[in-house]
Amino acid sequence: MRYWLMKSEPSDVSIDDLASFPNQSVAWYGIRNYQARNFMRDQMQVDDAVLFYHSSCDQPGIAGLARVSRLAYPDETQFDTSNKYFDPKATHETPRWLNVDVQLVKKTRLMPLKEIREYPELEHMRILQRGNRLSITPVDPREYEFILSKL
DNA sequence: GCCAACGTTGGC
DNA sequence: GCCAACGTTGGC
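When you read off a place in the first sequence, starting at 1, and then add 3, the result is the number in this note's numbering.
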C-alpha cells in the first residue's frame, strides 16, 4: 500500500466533479510525463491512497482523499486525434501512455499550499521542492498520516 | 502575464 | 551522445 499526491486542474476535473461522476471515479488521463507514467505502471496498486490536489488555480492545495480503483491501462486520449492529449506516435498495439482510475473517498476542507509549507513535518514533500513539476508524486506514510490528522 | 525549472526534441 | 532550442508546468 502506497501513498500518492495527484495534481488536477479544477477547471478540468475538480473534487466536486469527481464526486458527481459515475462511481465517483475518473480515468486519470493526460499524463504525458514518463516518470509519472512509470509510477502508475510500476507502483500503483488498487487501494493505494491518493491526496487529490488542485493545481493551477486560485486556491492550490489538497482538496480531498481518493483511492486507486483500477490498475494502469492505456489512456484512450492518446488515440483520439481530436483530443489535446493525442499522441501521433502511440498505437493500440504499442500504447505509450497509461492511466489508472481514481475514486473519491471523501472531500475534505481545502488545505492550501501555503498551509502545507508551514508544517515542518511536511517540508520534504516533493511538491514543495524547488522546480518540482511532477503531477504524480509519492507521499511518505508519515506525511500522509500527518496531513490526515490536520484535515 | 511573468518566469524559473525542467523535460523533450532533433540536428550534429 | 551532446546540447541548444523550445515547450510546459504551476505558483505568484
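Glycine included, each C-beta is placed from N, C-alpha and C at the ideal position. All values reported here derive from a predicted model rather than from experimental measurement.
Spanning the alpha carbons of F149 and I119 requires a straight line of approximately 11 Å. In the structure shown, Y32 adopts coil according to DSSP, grouped into three states.
Just measuring C-alpha positions, the residue of P13, P141, M128 sitting nearest N41 is P141. Annotation for R44: no alpha helix (DSSP H) segment contains it, and DSSP assigns it neither H nor E. Unbroken alpha helix (DSSP H) stretches of 4 residues or longer found wholly inside the segment 48-131: 116-121, given in chain order. C-alpha of T111 to C-alpha of A66: approximately 6 Å in a straight line. A residue is called buried when at least 16 other Cβ atoms come within 10 angstroms of its Cβ; Q81 meets this threshold and is buried.
Pairing V105 with V29 gives a Cβ-Cβ distance under 9 Å.
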